[in-house]
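See below for the structure under consideration.
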Amino acid sequence: MDRSRLFAPRRLARRIFAAAGLLFAAIWAAGATAALADPAARPVVVELYTSQGCSSCPQADAFLGQLAGRSDVLALSLPVTYWDMLGWKDTLASKGNTARQKAYAAAMGRGGVYTPQMIIDGIDDVVGSRVAAVDKDIAGREHDMQALPIHVVVTAQAVHVRVSRADPAPKKDATIWLFVIRPAARVKIGAGENEGRTVTYRNIVTAVKAVGMWSGKPVSLALPRSSLGGGPDDGIAVIVQLNGYGRVIGATPIGWLSTARR
């Protein structure tokens, strides 16, 4: 028996599979490159300012939980402190979140702050329970979105952030914000306007820090893990925002500090 003829079909099959594998790899690489270059690849940033002491907030909290499941949205919950006077101290609220909302009010020329408020990409604000209005604003970003590339690498010692170059450079400098994010919390509210209710919160901002400035040239930052706070199960996101509290021009999805969650 001619053994070379017996194994010829097997060799031919291996060549065919190898060629197919190279073709698939080329197609995948081209697709990955296209995705990275797609201006719509970055998520739309939706910030919900909420409080456990606000009777109209649980509906907005539930809606934010739905938005958190969307890959095209960076949904953040920022509990504020100013409703604590109504008889229940919000267990998740921070002064930093309250200060950020007040800074938005000043930048937007608003007379004050309110809950539930959703701020979309730094330029629109909507009552957080008005689902149709929020969805419309998110959809509107598809044709009015700037997408500055941001690269984040998390190591055991530091979070490395690189913001790319822009040409032409923006007319206004931008702030590089880093958010520390708790994935979820379920809270039983014991007093105040929501007494007796149990509310689930998603993507809770526990800290927000201005970590650098960007003026159009590449910026690289190495942020020690010890300076950021947050536990091993928490996440981070980076946002680049014109004039501090203006239009968002770059944003990352949530990345996890723990290697077990990546």
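With the numbering used here applied, the sequence shown has no gaps in its numbers, which climb one by one up to 457 at the end. Glycine is no exception: its CB is placed at the ideal position from the N, C-alpha and C atoms.
Quick check on the burial criterion: 16 or more other C-beta atoms within 10 angstroms. Buried or exposed for E390?
exposed
Taking its Cβ as the centre, do 16 or more other Cβ atoms sit within 10 Å of G529, making it buried, or is it exposed?
The structure shown does not extend to residue 529, since the chain is modelled only from 196 to 457, so the question has no answer here.
Are I444 and V406 close, meaning C-beta to C-beta below 8 angstroms?
Pairing I444 with V406 gives a Cβ-Cβ distance that is not under 8 angstroms.
Could you have a look at M313 and say whether DSSP puts it in helix, strand or coil?
strand
C-beta contact flag for V275 and Y244 at 8 angstroms:
yes
Given G441, which residues of its chain have a CB within under 6 angstroms of its CB, disregarding the five upstream and five downstream residues?
G317
Taking 8 angstroms as the cut-off, does the region 324 to 331 touch the region 376 to 390 (at least 3 CB pairs, one atom from each stretch)?
no
Output the residue ranges of the alpha helix (DSSP H) runs that lie fully inside the region 274 to 306 and measure 4 residues or longer, sorted by chain position.
DSSP runs (the alpha helix (DSSP H)) wholly in the region 274 to 306: 290 to 303.
Test item: CB-CB of A446 and I434 under 8 angstroms
yes
Cβ pair count under 8 angstroms reaching 3, the region 387 to 403 against the region 320 to 328
no
Going by CA-CA distance only, name the one from S410, G248, V356, S266 that's closest to P419.
V356
Checking 8 angstroms against the spacing of the C-beta atoms, do M313 and V241 come in under that value?
Their beta carbons are under 8 angstroms apart, which means M313 touches V241 by this criterion.
Does the region 293 to 309 come within contact of the region 265 to 282, defined as at least 3 CB pairs closer than 8 angstroms?
With the cut-off at 8 angstroms, the region 293 to 309 and the region 265 to 282 touch.
Expressed to the nearest angstrom, what Euclidean distance is found between the alpha-carbon atoms of Q254 and L262?
13 angstroms
Beta-bridge pairing of K383 - partner residues as DSSP gives them:
T393
With distances taken between CB atoms, is the gap from S272 to L259 smaller than 8 angstroms?
yes
Rounded C-alpha distance that separates V239 from G450:
16 angstroms
Is there a C-beta anywhere in chain E that falls below 8 angstroms from the one on A328?
Checking the listed chains, one finds no chain E in this structure; it contains a single protein chain.
Spatial neighbours of G411 in its chain, beta-carbon cut-off 8 angstroms, leaving aside the 5 residues before and after
R360, A361, D362, P363, A364, P365
Take the Cβ of T352 as the centre, count every other Cβ of all protein chains shown within 10 Å, and call the residue buried at 16 or more, exposed below.
Per the sequence presented here, residue 352 reads as Gln, with Thr not at that position. By the neighbour-count rule (16 or more Cβ atoms within 10 Å), Q352 is not buried but exposed.
For G304 and N438, what's the separation of their Cα atoms in angstroms?
14 angstroms
Spatially closest choice to P427 from P344, T350, E337, D320, by CA coordinates:
T350
Extent of the continuous beta strand (DSSP E) to which G430 belongs:
430 to 437
Rounded to whole angstroms, what is the Cα-Cα separation between P448 and I345?
10 angstroms
Beta-carbon within less than 7 angstroms of L489's beta-carbon, same chain only, minus the 5 sequence neighbours each way: which residues are those?
Summary: the structure shown does not reach residue 489, with the chain confined to residues 196 through 457, and so no result is reported for it.
Nearest candidate by alpha-carbon position, reference V358, set P413, A386, K383
P413
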